[in-house]
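**Student:** One structure, as structure tokens, below. Some questions next.
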Amino acid sequence: MTVSSGANSVERRSFLSGLAPLEAVLFDVDGTLCDSDPLHYFTFREMLQEINFNGGVPITEKFFSEKLSGKHNEDMALVLFPNDIEGGMKFLADKEAMFRRLAPERLKAVNGLYKMKKWVEDRGLKRAAVTNAPRENAELIISILGLADFFEALIIGNDCEHPKPHPDPYLKALEAVKVSKDHTFVFEDSVTGIRAGVAAGLQVVGLTTGNPEHAMMEANPAFLIKDYNDPKLWAALEELDDNEKAGKADSLSKMNARVAAGLPVVGYSGWLQEMQSMCRWKQSLTVL
288 MTVSSGANSV ERRSFLSGLA PLEAVLFDVD GTLCDSDPLH YFTFREMLQE
338 INFNGGVPIT EKFFSEKLSG KHNEDMALVL FPNDIEGGMK FLADKEAMFR
388 RLAPERLKAV NGLYKMKKWV EDRGLKRAAV TNAPRENAEL IISILGLADF
438 FEALIIGNDC EHPKPHPDPY LKALEAVKVS KDHTFVFEDS VTGIRAGVAA
488 GLQVVGLTTG NPEHAMMEAN PAFLIKDYND PKLWAALEEL DDNEKAGKAD
538 SLSKMNARVA AGLPVVGYSG WLQEMQSMCR WKQSLTVL
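Numbering follows the working numbering, in which position 165 of the sequence shown is assigned residue number 452; successive positions increment by one, without gaps.
If you want it as structure tokens, here you go:
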């Protein structure tokens, strides 16, 4: 699967640089932390065949990608069993149980995930997982990947007024980790998830782990990557780092000018402490 490139892609990657100073990174779970779509497809295909869905003809990957991937269980029940939602929800509960039984042996982290994890940790950024998956699934995946201590919050679509593609889960995540949408970006792998992030006013980096590139681009992500090792991602993060350093240097210069003029310095505590460590003044600070 190819990923967008060219001048337009370069221009879109610069969207991340405008987020400096970065405060947080939010992650979807299925398909974003691990490539779980093949296992979801397998469990759907097997269990739907057992009940003679579609006359016993197996569902295709295209059907799964377009109709089921990334969606909330109630929406999937409506797609599969429009005349029996209650029965559809029971089917999906059984399907999710099968997924959880198979997950420990079949799920692996998306390439480069732990490199990205270290980048986030090294910068002391806030982080949350935001998913339409059932809580049991999300907690299991996070545990399998060894990320239980990494995330500060886990937001489940079913716990929000509206799941993805509505913005509610991402808005709830911003509130949970107390950050601004103007200094946060998202990793997502589905059209549903990208739409949710964009609707929340966030920049979204899309992973092409299981969905068609053309459909994902229609949801308007900042840009697409193959995985967390993608050079395009690291070029964008380097530009973001450079922009943040330039902003701090400019702020430091202005602070020193205020101190030299005998004027007070006002700001937020954590940011001011960092600035203080970089400069020569040790006067009392007015902290917001």
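Just so it is clear, CB atoms sit at the ideal spot from N, CA and C, and this is done for glycine as well.
Using a Cβ-Cβ cut-off of 7 Å (strictly less than) and excluding sequence neighbours within five positions of Cys447, which residues of its own chain qualify?
**Tutor:** The residue given as residue 447 occupies position 160 in the sequence shown. So the qualifying residues of the chain are Asp455, Pro456 and Lys459.
**Student:** Quick check: what's the CA-CA separation for Asn530 versus Ala307?
**Tutor:** Within the sequence shown, the letter at position 243 stands for residue 530. Within the sequence shown, the letter at position 20 stands for residue 307. About 6 Å.
**Student:** Excluding the five sequence neighbours on either side, which residues of its own chain have a C-beta within less than 8 Å of the C-beta of Met334, listed in chain order?
**Tutor:** For the purposes of this step, residue 334 is taken as the residue at position 47 of the sequence shown. Around Met334: Phe378, Asp381, Lys382 and Met385.
**Student:** Please report the straight-line C-alpha distance between Thr479 and Asp409, rounded to a whole angstrom.
**Tutor:** Along the sequence shown, read from residue 1 onward, the residue named residue 479 stands at position 192. Along the sequence shown, read from residue 1 onward, the residue named residue 409 stands at position 122. Rounded to whole angstroms, Thr479 to Asp409 spans 30 Å at the Cα level.
**Student:** Rounded to whole angstroms, what is the Cα-Cα separation between Ala440 and Ala415?
**Tutor:** Residue 440 sits at position 153 when you count from the first residue of the sequence shown. Residue 415 sits at position 128 when you count from the first residue of the sequence shown. Rounded to whole angstroms, Ala440 to Ala415 spans 5 Å at the Cα level.
**Student:** Given a cut-off of 8 Å, decide if Leu434 and Leu320 are closer than it, judged by their beta-carbon atoms.
**Tutor:** As a working mapping, residue 320 is identified with position 33 in the sequence shown. As a working mapping, residue 434 is identified with position 147 in the sequence shown. Yes. Within cutoff.
**Student:** Pull up the distance between the alpha-carbon of Arg422 and that of Arg388, whole angstroms please.
**Tutor:** Position 135 of the sequence shown holds residue 422. Position 101 of the sequence shown holds residue 388. Distance between the alpha carbons of Arg422 and Arg388 is about 15 Å.
**Student:** Quick one: using the 10 Å Cβ neighbour count with 16 as the cut-off for buried, is Asp537 buried or exposed?
**Tutor:** Counting from one through the sequence shown, the residue named residue 537 turns up at place 250. Only weak support is given to the placement of Asp537: the predicted model assigns it a pLDDT of 49, under 50, and the question is left unresolved by the model.
**Student:** Tell me the DSSP bridge mates of Arg414?
**Tutor:** Numbered from 1 along the sequence shown, position 127 holds the residue referred to as residue 414. The partner list for Arg414 (beta bridge, DSSP) reads Val312.
**Student:** At the level of alpha carbons, what is the spacing between Leu539 and Trp406?
**Tutor:** Taking the sequence shown and counting its residues from 1, the one referred to as residue 539 is at position 252. Taking the sequence shown and counting its residues from 1, the one referred to as residue 406 is at position 119. Summary for Leu539: the model assigns pLDDT 49, below 50, so the residue's position carries little reliability; its value from the coordinates is reported in the next sentence. A straight line joining the alpha-carbon of Leu539 with that of Trp406 spans about 24 Å.
**Student:** Taking the beta strand (DSSP E) that Ile442 falls in, what are its first and last residues?
**Tutor:** In the sequence shown, counting from the first residue as 1, residue 442 sits at position 155. Taken as a continuous stretch (DSSP letters only), the beta strand (DSSP E) holding Ile442 covers Ala440 to Ile443.
**Student:** Mind pulling the alpha helix (DSSP H) runs of 4 or more residues that sit fully within the segment 304-361?
**Tutor:** 324-337
**Student:** Is it right to say Asp436 is buried, meaning 16 or more other beta carbons lie within 10 angstroms of its own, or is it exposed?
**Tutor:** Within the sequence shown, residue 436 is the residue found at index 149, counting from 1. Exposed is the label assigned to Asp436, since fewer than 16 other Cβ atoms lie within 10 Å of its Cβ.
**Student:** With a threshold of 16 other CB atoms inside 10 Å of the CB of Gly305, please say whether the residue is buried or exposed.
**Tutor:** Stepping through the sequence shown from its first residue, residue 305 is reached at position 18. Exposed, because fewer than 16 other Cβ atoms sit within 10 Å of the Cβ of Gly305.
**Student:** Name the two residues that bound the continuous beta strand (DSSP E) containing Val466.
**Tutor:** Against the sequence shown, residue 466 aligns to sequence position 179. From DSSP, Val466 is part of no beta strand (DSSP E); its letter is neither H nor E.
**Student:** Which residue's Cα is closest to the Cα of Thr347: Glu361, His359 and Asp324?
**Tutor:** Looking up residue 347 in the sequence shown gives position 60. Ranking the options by Cα distance to Thr347, first place goes to Asp324.
**Student:** Tell me the DSSP secondary structure of Gly493 in three-state form.
**Tutor:** In the sequence shown, the residue the question calls residue 493 occupies position 206. It is a strand residue.
**Student:** Based on the DSSP output, what are the partners of Ile512 in its beta bridges?
**Tutor:** For the purposes of this step, residue 512 is taken as residue 225 along the sequence shown, with counting starting at 1. Leu494.
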